[in-house]
Amino acid sequence: MNASTWIFYILSTLLIITSLMVVFLRNVVHCAMALVAALFIIAVFFVTLQAPMVGVFQVLIYAGAIMVLFLFVIMLLNPTTRERGGGVWWNFGTVLALLLGGLLVPLLSNSESARDPLVSTELFGSPEMLAKSLFNDFVLPFEIASVLLLVAIVGAVVLAKRER
Amino acid sequence: MIVDITIIAAKAFLVLFMVLNLAGILGWIERKGSALIQDRIGANRASILGFAGMGLVNTLIADPVKFLTKEDFIPPSGDKFLHTLAPCLALFPALVTFAVIPFGDVLIIGDRMINLQVANINIGILYVLAMGSLGVYGIVIGAWASNNKFSLLGGVRGSAQMISYEIAMGLSIIGVLMVYGTLELQEIARSQGLLIRELLPSWLVFLRPVIGWLPAWGIFLQPLAFLLFFTAAVAETKRIPFDLPEGESELVAGYHVEYSGGKFLMFFAGEFAEIVTAAGLMATLFFGGWQVPYLMRDGFHFPWGGSWLLPHLGVVILQVAAFTIKVVFFCWLQILLRWSVPRFRYDQVMRLGWKMLLPLALLNVTITAIVIVAAQ
Chain Z
993 MNASTWIFYI LSTLLIITSL MVVFLRNVVH CAMALVAALF IIAVFFVTLQ
1043 APMVGVFQVL IYAGAIMVLF LFVIMLLNPT TRERGGGVWW NFGTVLALLL
1093 GGLLVPLLSN SESARDPLVS TELFGSPEML AKSLFNDFVL PFEIASVLLL
1143 VAIVGAVVLA KRER
Chain X
45 MIVDITIIAA KAFLVLFMVL NLAGILGWIE RKGSALIQDR IGANRASILG
95 FAGMGLVNTL IADPVKFLTK EDFIPPSGDK FLHTLAPCLA LFPALVTFAV
145 IPFGDVLIIG DRMINLQVAN INIGILYVLA MGSLGVYGIV IGAWASNNKF
195 SLLGGVRGSA QMISYEIAMG LSIIGVLMVY GTLELQEIAR SQGLLIRELL
245 PSWLVFLRPV IGWLPAWGIF LQPLAFLLFF TAAVAETKRI PFDLPEGESE
295 LVAGYHVEYS GGKFLMFFAG EFAEIVTAAG LMATLFFGGW QVPYLMRDGF
345 HFPWGGSWLL PHLGVVILQV AAFTIKVVFF CWLQILLRWS VPRFRYDQVM
395 RLGWKMLLPL ALLNVTITAI VIVAAQ
């Protein structure tokens, strides 16, 4: 067990705890803050996996922008307590989670990479590599995705704008 | 191994110590400076054995003692945990951002090269933006946990303002990144040691005698980007003319209405630490960072011929001193701005961010791209 493996296990424990807090805490704002912490820890994972660029984008976009908008909506609607669990959806979700978890166990226990979680072969997430794959290898899908997002933004503005 | 860790810890401690102390001194400059501008005397009450030290005793000793010994009040209907967490969330991003800002080139002791920067990561500028985007939480959570309508209004305003200006800020930096071709702040600072005559393309060579002697600082290569970055950075610190989240005349004190004692001090220190970090970024991106014009690693080499060699230690001291002077200058500039201009209305803040800074930043990126392609 070297230092990076220790860091991996400590972070994983923290990630599981914060993720459980997202699901089980009573106060919605507390849940949202736990989700921010979980996203931040995932970003640290990316950094330790030689993908610092992906890690920074995780913080910048998910923890820094999207979750702020979540909080914004939660604060303005101000739900006092969340609905109690139970009902069809609760049972459905539990069964689905158990199935997915059961599916992951044999997959992970068989694979080689599970033994040393932090060994990665190449520097993937550097700015140079990311730019190369975005602007050389996948330039057409990248541009199509950008245009799609642009259409969505313009559409949202048109829908939100009131007639004068 | 032990030596390496000690060096890193020493650098981290040094930077944190300097930022926090500079933040404290800025409090004094703000109070005495505002008094000077408004023709008042300013803080002069507290003294030790008759020594008031131009208000230094007041702002650096009496104020912190007062803050730390005050009652720490949490609104009974507020959220106790988040109310305590919020000031930490406000102070933390402001302090950790300085880790990637270089305060000197390399210090060579024996055969060991010490990079004068706490964390040399190859995505430095993105780290700055990511940490800046976390700064919103201190305000939003503090505002919500206080359970006060003035706080909440301040928090909503603050989060909208900070998200809006982050976009303009990020886009204004892109021009600088295109010019220097790296995301690493130490590399950006190093590139600014060149002279403009070394960068001029062949079809602009007639400009060489006119501007060739200038150092290749960001302000000369990207003047528009500096103005945009400066405006966005001031807006991110939430001070006048962008102090709508606090809005003293209509929201009492905005998001920190319900804070007292040490927690208020943390918000206060976070604001000043943000000023110091913004000043460090302005110096590094646009004013050469630790560069002194014409100072190379072995001494001065002037473009008009002649050189003045210096010992290595002298060069390093000059670089660190130059960086410190630049940072203090930009801190002072921000404080001067805060006491000289009236504030915006909220719709004006939003209009400035989205309809002026954002298009100008996009224009700057386009023009920079055209010039770079033409220069190749």
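Quick note, the sequences are listed as chains Z and X, same order. Per the numbering used here, the very first residue in the first sequence carries number 993; after that it's consecutive. Per the numbering used here, the very first residue in the second sequence carries number 45; after that it's consecutive. Built from N, CA and C at the ideal position, the CB exists for glycine as well.
Check: Residues from the segment 94-110 of chain X in contact with chain Z, defined by Cβ distance under 8 Å; Outcome: none
Check: For X/Val150, the three-state DSSP class (helix, strand or coil); Outcome: strand
Check: Limits of the unbroken alpha helix (DSSP H) element including X/Ile183; Outcome: 180-189
Check: Cβ distance (whole Å) where X/Ala138 is taken to contact X/Ala317 below 8 Å; Outcome: 4 Å
Check: Per-residue burial, Z/Leu1088 [other beta carbons within 10 Å of its own, 16 or more giving buried]; Outcome: exposed
Check: Residue environment, X/Lys370, which counts as buried when at least 16 other CB atoms sit within 10 Å; Outcome: buried
Check: Interface flag, Z/Gly1093 vs chain X, CB-CB below 7 Å; Outcome: no
Check: Straight-line Cα distance separating Z/Ile1053 from Z/Leu1099; Outcome: 30 Å
Check: Residue interval of the beta strand (DSSP E) (run including Z/Met1045); Outcome: No beta strand (DSSP E) holds Z/Met1045; the alpha helix (DSSP H) holding it covers 1044-1049.
Check: 7 Å Cβ cutoff met for X/Val59 and X/Val162; Outcome: yes
Check: Closer than 7 Å to chain X by CB, Z/Met1121; Outcome: no
Check: Chain Z residues whose Cβ lies nearer than 7 Å to that of X/Ser190; Outcome: The contacting residues do not exist; X/Ser190 stays about 12 Å from chain Z at best.
Check: C-alpha gap between X/Phe346 and X/Leu339, whole angstroms; Outcome: 8 Å
Check: Beta-carbon contacts of X/Val101 that lie in its chain and below 7 Å, excluding the five residues immediately before and after; Outcome: Ala90, Ser91, Ile92, Phe95
Check: Buried or exposed by the 16-neighbour rule on C-beta atoms within 10 Å, applied to X/Pro259; Outcome: buried
Check: Same chain, Cβ closer than 8 Å to X/Cys375, five either side skipped, listed in chain order; Outcome: Leu66, Leu70, Ile73, Ile319, Val320, Ala323
Check: Residue-level contact to chain Z via CB, X/Leu173, 7 Å cutoff; Outcome: yes
Check: Any C-beta of chain X under 7 Å from that of Z/Met1067; Outcome: yes
Check: Chain Z contact for X/Ile414 (CB, 7 Å cutoff); Outcome: no
Check: Alpha carbon of X/Ile85 to alpha carbon of X/Gly358, nearest angstrom; Outcome: 40 Å
Check: Positions along the segment 202-228 of chain X whose CB lies within less than 7 Å of some CB in chain Z; Outcome: Ser203, Ile207, Leu227
Check: Secondary structure of X/Ile92, DSSP reduced to three states; Outcome: strand
Check: Cβ-based burial, X/Glu294 [other Cβ within 10 Å; buried from 16]; Outcome: exposed
Check: Listed by chain order, chain X residues near Z/Val1048 by CB distance under 7 Å; Outcome: Ile167, Leu170, Tyr171, Ala174
Check: Limits of the beta strand (DSSP E) - the one that X/Leu353 falls within; Outcome: 351-353
Check: For X/Arg395 and X/Ser384, the rounded distance between their alpha carbons; Outcome: 21 Å
Check: Per-residue burial, X/Pro167 [other beta carbons within 10 Å of its own, 16 or more giving buried]; Outcome: In the sequence as displayed, the identity of residue 167 of chain X is Ile instead of Pro. So X/Ile167 counts as buried.
Check: Chain X within 7 Å of Z/Pro1098, Cβ atoms only; Outcome: no
Check: Short CB-CB distance (under 7 Å) between Z/Met1045 and chain X; Outcome: yes
Check: Chain Z contact for X/Val371 (CB, 7 Å cutoff); Outcome: no
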